[in-house]
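Asks: So the sequence lines, in the order shown, correspond to chains F and L.
According to this note's numbering, the first sequence is numbered sequentially starting from -1.
According to this note's numbering, the second sequence is numbered sequentially starting from -1.
There are 2 protein chains.
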Amino acid sequence: MPQGEEKISGNLIYRGRILNLRVDSVKLPDGGRAMREVVEHAPAVGVVSEAENGDLFLVRQFRYPAGEFLLEIPAGIVEPGEKAAETAARELQEEIGFIPGELNEVTRFYTSPGFSNELIILFHARDLAHSPRECDGDEFMDVVRLSRDQLKDLAESGEIRDSKTLTAIYWYLSR
Amino acid sequence: MPQGEEKISGNLIYRGRILNLRVDSVKLPDGGRAMREVVEHAPAVGVVSEAENGDLFLVRQFRYPAGEFLLEIPAGIVEPGEKAAETAARELQEEIGFIPGELNEVTRFYTSPGFSNELIILFHARDLAHSPRECDGDEFMDVVRLSRDQLKDLAESGEIRDSKTLTAIYWYLSR
């Protein structure tokens, strides 16, 4: 079994609202030293939200760090005390106005393992029942319903520019 | 056209080796205010590296922020003055010991647009010619060659836990 990297010391640079920044000194497998910048971020969920005819619901919102509007699957941070499946159901209601009758975990993945521990837990929601949409105060988003053909075109043309959403769409189309 | 968010003021919290952290105050579409935490990160490349029989080359390395070993496509940060295609070719040589005869951009995507501007430019490399492997001093990784069936199994079983790599594999299998 190969060796990993061991933490020698850590320095908390910033404690914030959705992230913390830490700079650690680590011991490398060959005994050398290195520094590692780590953005701590809570786990988040993303949801493949399937309508009865196989369409998916996506949301379009402005993403300030990217500086542009992005088409994404419904997603959100797992709040303290919440189970990931609860977050998925809550985000569906808040973002697209549905409650899932069936909700299954697909897979989980790191978004940027070179500098962050953010983990996305991907769910597949089906048997969707309408429920009033309730957005967070500082979230402004449009719901977009897309067919399998449209999803394929948008992914291949470069119009989907969010990693978790590309993973979700290609996974969905591969089934 | 919906409105985005406008920067009112910014505060640089940390300037580091692979990332900077900024906290901005922004004006929302409804005139309200919010704060946005932004991790600035240089663009990076990821490379779908195809052998002549359709196998792909992945690398296994310890990812300190994730705290575990991950299987990923070859990848790396675009250095100042470098074109993304040059980074892709350089990383292939450094990480798996090949020079690509053919190199095409597939797509580009943000890894975590909720808190970072990191953009991954995904390439597809073919017609690979051997060339001595040259790793960076603090990189320790193993090269793994996988068939299409193995890639499918690893993606579906949850053993691939890196977002760009899942996107890359599902894209590759969809072709």
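Glycine residues also receive a C-beta, built at the ideal position from the N, C-alpha and C atoms.
Predicted model only: the values in this text are computed from it and were never measured.
(1) Could you list which residues in chain F have their beta carbon closer than 9 Å to that of Thr105/L, in chain order?
(2) So Phe107/L and Ser161/F are supposed to be a Cβ contact under 8 Å. How far apart are they, rounded?
(3) Is it the case that the Cβ atoms of Arg61/F and Pro111/L are separated by a distance below 7 Å?
(4) Can you find a C-beta in chain L that's less than 7 Å from the C-beta of Asn174/F?
(5) Output needed in chain order: residues of the segment 74 to 89 of chain L with a Cβ under 7 Å from some Cβ in chain F.
(6) Span of the beta strand (DSSP E) holding Lys192/L?
(7) Rank Glu89/L, Arg34/L, Leu68/L by C-alpha distance to the C-alpha of Leu120/L and give the top, closest one.
(8) Let me check one thing: in DSSP terms, what residues is Leu126/L bridge-paired to?
(9) Going by beta carbon distance, what residues of the same chain come within less than 6 Å of Gln59/L, once the five residues before and after it are set aside?
(10) Which two residues bound the contiguous beta strand (DSSP E) that contains Leu17/L?
(11) List, in order along the chain, the chain F residues whose C-beta lies closer than 9 Å to that of Pro130/L?
(12) What separation, rounded to the nearest whole angstrom, lies between the Cα atoms of Gly156/F and Leu68/F?
(13) Determine, using beta carbons only, whether Val35/L and Ile11/F come nearer to each other than 7 Å.
(14) To be precise: take each residue of the segment 26 to 39 of chain L, compare its Cβ to all Cβ atoms of chain F, and keep it if any distance is under 8 Å. Which residues remain?
(15) Just to confirm, are Glu38/L and Lys25/L a CB contact at a threshold of 7 Å?
(16) Could you tell me whether the Cβ atoms of Ile167/F and Ala127/F are closer together than 7 Å?
(17) So, helix, strand or coil for Gln91/F, using DSSP?
(18) State the Cα-Cα distance for the pair Arg143/L and Ser47/L, rounded to the nearest angstrom.
(19) Less than 7 Å between CB atoms is the rule here; does Gly44/L satisfy it with respect to chain F?
(20) Below 8 Å on the Cβ atoms is my guess for Thr163/L versus Glu103/L; work out the distance and round it to an integer in Å.
(21) Decide if Asp22/F is buried, meaning its Cβ has at least 16 other Cβ atoms within 10 Å, or exposed.
(22) In chain F, which residues lie with their C-beta within 8 Å of the C-beta of Arg15/L?
Replies: Here's the rundown:
(1) Ala153, Glu154, Ser155, Gly156, Ile158, Arg159, Leu164
(2) 5 Å
(3) yes
(4) The shown model of chain F, from -1 to 173, leaves out residue 174/F, and the question about it has no answer.
(5) none
(6) Residue 192/L lies beyond the residue range present for chain L, which begins at -1 and ends at 173; the question has no answer from this structure.
(7) Glu89/L
(8) Pro98/L
(9) Met139
(10) 17 to 25
(11) Within 9 Å Cβ-Cβ: nothing; Pro130/L doesn't reach chain F, min ~20 Å.
(12) 11 Å
(13) Note that residue 35/L is Glu in the sequence shown, not Val. Cβ atoms of Glu35/L and Ile11/F: not closer than 7 Å.
(14) Leu26, Pro27, Asp28, Gly30, Ala32, Met33, Arg34, Glu35, Val36, Val37, His39
(15) no
(16) no
(17) helix
(18) 10 Å
(19) no
(20) 17 Å between Cβ atoms; not a contact.
(21) buried
(22) Met33, Glu35
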